Structures are given as structure tokens and as C-alpha cells.
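Note that this note's numbering has the sequence shown beginning at 2, numbered continuously upward.
Note that the Cβ used here is the ideal one computed from N, Cα and C, for glycine as well.
Predicted, not measured: the structure shown is a model, and the values here were computed from it.
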Amino acid sequence: MQHLSIPYFKLLFICLTICLEYEIGYAINVKDFGAKGDGKTDDTRAIAAAISGATDGLVEFPRGTYRITKTLEIDLSLKGTLGLSGRGASASIIMAGEGPAFRFIGSHDKGSALPASVMQLTWDKERMPLIDALEIIGDHVNADGIELKNTLMPTLRALLIRNVRNGIHLTSRNRNVLIDACHVYNNSGIGIFLDQVNIHQFIISDSHISYCKKGGIKVINSEIRNFQITGNDIEYNCDPEGLPSADILVDCIQSGSVREGTISGNTIQAIPSPGGANIRFLGLNSNLDKIGLWSITGNHISNQEVNIHLENTRGISITGNTFIRGYNHHLLINNGRNLIVNGNVFDHNEDYFPSEPRAYGGILLNDGENVILSDNIIDGSGNGGEDVGAAIVVKDSREISINACQIKNPNFNGIQIERSTNSQIMNCIISENAKNNGMLRGITLGGVCTGTLVKDNSVAKGKQAGISNYATGVLMKENISID
2 MQHLSIPYFK LLFICLTICL EYEIGYAINV KDFGAKGDGK TDDTRAIAAA
52 ISGATDGLVE FPRGTYRITK TLEIDLSLKG TLGLSGRGAS ASIIMAGEGP
102 AFRFIGSHDK GSALPASVMQ LTWDKERMPL IDALEIIGDH VNADGIELKN
152 TLMPTLRALL IRNVRNGIHL TSRNRNVLID ACHVYNNSGI GIFLDQVNIH
202 QFIISDSHIS YCKKGGIKVI NSEIRNFQIT GNDIEYNCDP EGLPSADILV
252 DCIQSGSVRE GTISGNTIQA IPSPGGANIR FLGLNSNLDK IGLWSITGNH
302 ISNQEVNIHL ENTRGISITG NTFIRGYNHH LLINNGRNLI VNGNVFDHNE
352 DYFPSEPRAY GGILLNDGEN VILSDNIIDG SGNGGEDVGA AIVVKDSREI
402 SINACQIKNP NFNGIQIERS TNSQIMNCII SENAKNNGML RGITLGGVCT
452 GTLVKDNSVA KGKQAGISNY ATGVLMKENI SID
């Protein structure tokens, strides 16, 4: 009798394993429930049936274009843990109805991220709903992509969401949210919308969020902690003919608080649009505590009316970024406390500048307290006019330190201080190329500036002066004039 070789048994075992995987499997194929995936047939009911029948927790969409006309709502407390996946990112969902294509609903409406607050039901049936490798396309003016409500540890990855209204919509309460390696692209509304939602532990990473007309990432009237936006390309999220928008907007004017956040390692750029900003934080005028403890670090930020706009904020660190083409300002701060702007480059690379529109740039600080501006390079910047205009303008502020900044070719003035007390300008170099010839004064001060020190600066003489002091309460020491 001929004996079968051991390699034969290995091959047989592998073949049986593959066959069992495909026959028994762990994934529900939506086409087995009648979905056509031809882009014409309404597959809503078939996909809903597949989701209902997904006893093993995974619904898979093979290659095809699946048209739906109603939201596929997934109540995790009834359905159990569930993942939706496109096979090799070859499947598209066309949302031809109003609302999100998929809405995941959990019961974590009162729990936090503390383990003791998580109900057993949530662990057993709801934790970590997963959506990956799918394309969602809008075919209705009010079509959205995905909504997450009261979920714990939702994970969205490798998605393309385009031509919808709002791409990813977070509502009510969610915890430990991950959005990674997604493309949220060319939407009429907002890319990622945190809408009156309570979230702790939220990471948006390695994604492309662009061409969303009402904003890239928008937070409104929400309670957010531990929010990280890292390693993304966030660009052109504006409508030049529409309402003011921002690539990243945090709005707590009416309610909410958003603290403990990071914006790091992103490219954030746009098209100049009326009232537009790359990053905009809008806090509560009567209480600066609502937006704070944010680090904005290591980003490239460019090409909008204002690159960073901070209104009624505290505890913000802006370090190690590159800026270019802030058409009105690179940095606009109104009513800010405990802020640091350190080690940034505000550049004027001529390759980026057409003759029109003019990009003035510069830093404007109004009503600031306990603010440090240090070790920054500012080239070819300054908005305003002859009376008030400079690369750095500080007005109606106190305890402001401007230290070791290098300012080149400013418009109007290098540094201007107006009605600001207990402040310092020290160790700065303010210079101008001979061909530029636009600087009026290197440093100018006006109004009551009690307790202000101007010391150890190297300042070129402008058209009117090197240093002009029209203020009271200023001490000048050991400044030198340079060519």
C-alpha cells in the first residue's frame, strides 16, 4: 500500500481549513441576503437583514456599489458587538436618503471612561463597534456618513466618506473614540462634527479631512476632554462664498467646555475665505476657563484670513509650528490668559506670494494677561496702519513678555505696545533689508505702560525711528541701533 506523505496531509489540512473558513466563516455576506451591489437596486432591506443575521459579529460587503435610501440603525444593546467591513475597500455605499448611512447606538449614556462606570451590558454587547474599509457616498442633499451615539470605544478606520453633508457625526455621549486612516472629503457640511456631545478620550489620526464647506473638525456646545488631533492633512475646509468656517473650530460661546487637547503634526491649510481661520477657538467672554490646556505643536498652518484665532481662552501652548500666508493675521488673540507662543516660524517665502491678495500676517494680542512670546522668527509681516500696525501688536494687556524674537522686514513697525503694563521687550533683533524700506519704527510704545521694560534689543532704524516711546511708565536700557 502506498503511504501518503506528511506534506500531503499538511496540504490537505490547509485546504480543509480554507474551505471551512469560507463555508462556515465568521462574516455575513450582504449578497447572501439579497443585496445586489449594482448601484441601482435599493439594497436597504437586504443589508438590514444581513445586519440582523450577523450572529458572529461581522457584516462584510464584497466588491460592489450598494444603494440605500434609509439610515441603517444599529442598536448595539439588541444586536450585540458588530463590525462592518468592505472587502479590500472595494465596496461603496450610496446614501440616497436623509440622515446618516449608518447610525450606531449604545447605552453608555451615563457612563464615563472609568471601568467601574461601564455596565456589563456594554462590555457584553456594545464595546468597540468597528467600521472599516468602506466608501460612503452621498446622493441626497441631507445625506450624512456615520453617526455615533452613546457608544464605548467605537473604532473607524480606512474609510472614504465623500459628497455627503456631515461625514462623521458624534452626538449625545461617547467614550474612547478612534478615527484613523480615514478620508473625509468634499462634503457640503462638516467633516467630523462633535455636536453637543460629551466625549473623553478622542483621537483623530493619520487622516485626510478636506474640502468640507462648513468646516473640517467642528466642536460646538460640547464637553470634551483628552482630545488629540495628530498626523492629519486638514485642508480647504471652507466656502469662499459661504459662511465663515475653520479647518478646526471649537465653539463654546453658548455652552460646553473643551480642555486637555493636542493639535500636533498636521498640515492645516485652506483657501482664503471671508472670516475664515485654520484653527479657531471661541470661548466664553465671562469665563476663560471653558477652553484651555491645549498644545498646538509641530504643525504647518497656512493660507487663510487668520491662521490661529483664539477668543476667550487660557492655558494654550503654541510651539514649533510653521506659518505662512495669514492674510489678516498669523495669530489673533482676544482676551487670553496664560499663553505661550514659542519657537515658531512665521515665514514670507516669496514662492508662495502672488501680488494679490496681500497677506499681511503678524501677531495681534488684545486684552492678554500672563503671555510669553519668545524665540519666534517673523518675516515680512504686520497688519494695520501707521498708527497701529506691526509684526507684533500688543494692546490693553498686562504681564506680557516678548523675548528673543527675530523680526525681519516688518510692515509699519516691528513691535508695538499700546496701553499695556508690567511687560517686557528683551533680547529681540528687529531688522530690515535695504530694498524693503517699509518699516516706520523698530519698536514703538504708546499710552500708559507702567512697569514696562525695553532692554537689550538690537533695532534697525526705520523711516521715522529705531525706537519711539510715546508711553508713560517705560524703562529703556542698553538697546543698540543696527544697520
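Assuming the contact rule is C-beta atoms closer than 8 Å, residue i and residue j should be a hit. Round their C-beta distance to whole Å, please.
{"i": "leucine 157", "j": "isoleucine 180", "result": "5 Å"}
{"i": "lysine 409", "j": "serine 432", "result": "6 Å"}
{"i": "glutamate 306", "j": "tyrosine 328", "result": "5 Å"}
{"i": "alanine 97", "j": "isoleucine 75", "result": "The pair is not a contact, with the Cβ atoms about 19 Å apart (cut-off 8 Å)."}
{"i": "glutamate 419", "j": "glutamate 400", "result": "The Cβ separation is near 15 Å, so there is no contact."}
{"i": "tyrosine 361", "j": "serine 382", "result": "7 Å"}
{"i": "isoleucine 393", "j": "glycine 363", "result": "7 Å"}
{"i": "alanine 182", "j": "aspartate 145", "result": "Actually they do not touch by this definition, with Cβ atoms about 20 Å apart."}
{"i": "serine 223", "j": "valine 259", "result": "7 Å"}
In angstroms, rounded to a whole number, what distance separates the CA positions of residue i and residue j?
{"i": "lysine 464", "j": "isoleucine 292", "result": "42 Å"}
{"i": "aspartate 57", "j": "leucine 73", "result": "19 Å"}
{"i": "glutamate 99", "j": "valine 220", "result": "22 Å"}
{"i": "serine 318", "j": "asparagine 279", "result": "16 Å"}
{"i": "isoleucine 416", "j": "proline 355", "result": "26 Å"}
{"i": "asparagine 30", "j": "aspartate 240", "result": "40 Å"}
{"i": "aspartate 380", "j": "leucine 374", "result": "15 Å"}
{"i": "aspartate 252", "j": "isoleucine 106", "result": "25 Å"}
{"i": "histidine 301", "j": "isoleucine 205", "result": "17 Å"}
{"i": "glycine 112", "j": "methionine 120", "result": "8 Å"}
{"i": "serine 398", "j": "asparagine 367", "result": "6 Å"}
{"i": "leucine 153", "j": "serine 108", "result": "9 Å"}
{"i": "alanine 90", "j": "asparagine 199", "result": "31 Å"}
{"i": "tyrosine 23", "j": "tyrosine 212", "result": "Low local confidence applies: a pLDDT of 42 at tyrosine 23 is under 50, so the model's placement there is unreliable, with the coordinate-based value given in what follows. Cα-Cα distance, rounded: 40 Å."}
{"i": "alanine 472", "j": "leucine 446", "result": "5 Å"}
{"i": "glycine 344", "j": "isoleucine 325", "result": "15 Å"}
{"i": "serine 1", "j": "lysine 478", "result": "There is no way to answer for residue 1, as the model of the chain reaches only from 2 to 484."}
{"i": "isoleucine 52", "j": "glycine 81", "result": "10 Å"}
{"i": "glycine 276", "j": "isoleucine 162", "result": "27 Å"}
{"i": "valine 142", "j": "asparagine 188", "result": "10 Å"}
{"i": "threonine 42", "j": "arginine 166", "result": "23 Å"}
{"i": "glycine 262", "j": "glutamine 229", "result": "6 Å"}
{"i": "leucine 476", "j": "asparagine 458", "result": "13 Å"}
{"i": "leucine 122", "j": "arginine 64", "result": "34 Å"}
{"i": "lysine 150", "j": "glutamine 202", "result": "15 Å"}
{"i": "leucine 115", "j": "alanine 28", "result": "32 Å"}
{"i": "alanine 466", "j": "alanine 391", "result": "14 Å"}
{"i": "glycine 35", "j": "isoleucine 137", "result": "20 Å"}
{"i": "methionine 427", "j": "glycine 474", "result": "16 Å"}
{"i": "asparagine 336", "j": "glutamate 242", "result": "29 Å"}
{"i": "glycine 232", "j": "histidine 184", "result": "13 Å"}
{"i": "asparagine 377", "j": "cysteine 406", "result": "5 Å"}
Among all the DSSP beta bridges, which residues are the ones paired with residue i?
{"i": "threonine 453", "result": "Val475"}
{"i": "lysine 111", "result": "DSSP lists no partner for lysine 111."}
{"i": "tyrosine 1", "result": "The question about residue 1 has no answer here: the residues shown for the chain are numbered 2 through 484."}
{"i": "leucine 311", "result": "Phe282 and Ile334"}
{"i": "lysine 219", "result": "Phe194 and Leu250"}
{"i": "asparagine 343", "result": "Thr320 and Ser375"}
{"i": "glycine 390", "result": "Gly385"}
{"i": "threonine 56", "result": "Note: threonine 56 sits in no beta bridge, so no partner."}
{"i": "glutamate 148", "result": "Arg104 and His170"}
{"i": "alanine 134", "result": "Its beta-bridge partners do not exist; DSSP assigns none."}
{"i": "valine 142", "result": "None; valine 142 has no bridge partner."}
{"i": "serine 459", "result": "Ile430 and Ile481"}
Would you kindly report the start and end of the unbroken beta strand (DSSP E) that includes residue i?
{"i": "threonine 1", "result": "It is not possible to answer for residue 1, since the shown part of the chain is limited to 2 through 484."}
{"i": "alanine 102", "result": "100 to 106"}
{"i": "serine 382", "result": "That residue, serine 382, is in no beta strand (DSSP E); it is neither H nor E in DSSP."}
{"i": "glutamine 407", "result": "407 to 409"}
{"i": "lysine 464", "result": "Neither: lysine 464 is in no beta strand (DSSP E) and is coded neither H nor E."}
{"i": "glutamine 425", "result": "425 to 427"}
{"i": "asparagine 199", "result": "193 to 206"}
{"i": "glutamine 255", "result": "Element bounds for glutamine 255: n/a, residue is neither H nor E."}
{"i": "phenylalanine 96", "result": "Residue 96 is actually methionine in this sequence, not phenylalanine. That run of the beta strand (DSSP E) goes 92 to 96."}
{"i": "glutamate 433", "result": "No beta strand (DSSP E) contains glutamate 433, which DSSP labels as neither H nor E."}
{"i": "histidine 170", "result": "169 to 181"}
{"i": "alanine 271", "result": "Unbroken run through alanine 271: none, as it is neither H nor E."}
{"i": "threonine 156", "result": "156 to 158"}
{"i": "tyrosine 67", "result": "65 to 69"}
{"i": "phenylalanine 413", "result": "413 to 419"}
{"i": "serine 482", "result": "481 to 483"}
{"i": "leucine 289", "result": "First-last for leucine 289: undefined, no H or E at that position."}
{"i": "asparagine 30", "result": "28 to 30"}
{"i": "arginine 399", "result": "399 to 404"}
{"i": "glutamate 242", "result": "Per DSSP, glutamate 242 belongs to no beta strand (DSSP E) and is neither H nor E."}
Grab the span of the alpha helix (DSSP H) containing residue i for me, first residue to last.
{"i": "leucine 79", "result": "77 to 80"}
{"i": "isoleucine 48", "result": "45 to 53"}
Flag residue i as yes if its beta-carbon sits less than 8 Å from any beta-carbon of chain B, otherwise no.
{"i": "glycine 266", "result": "Considering every chain present, this structure includes no chain B. It has just one protein chain."}
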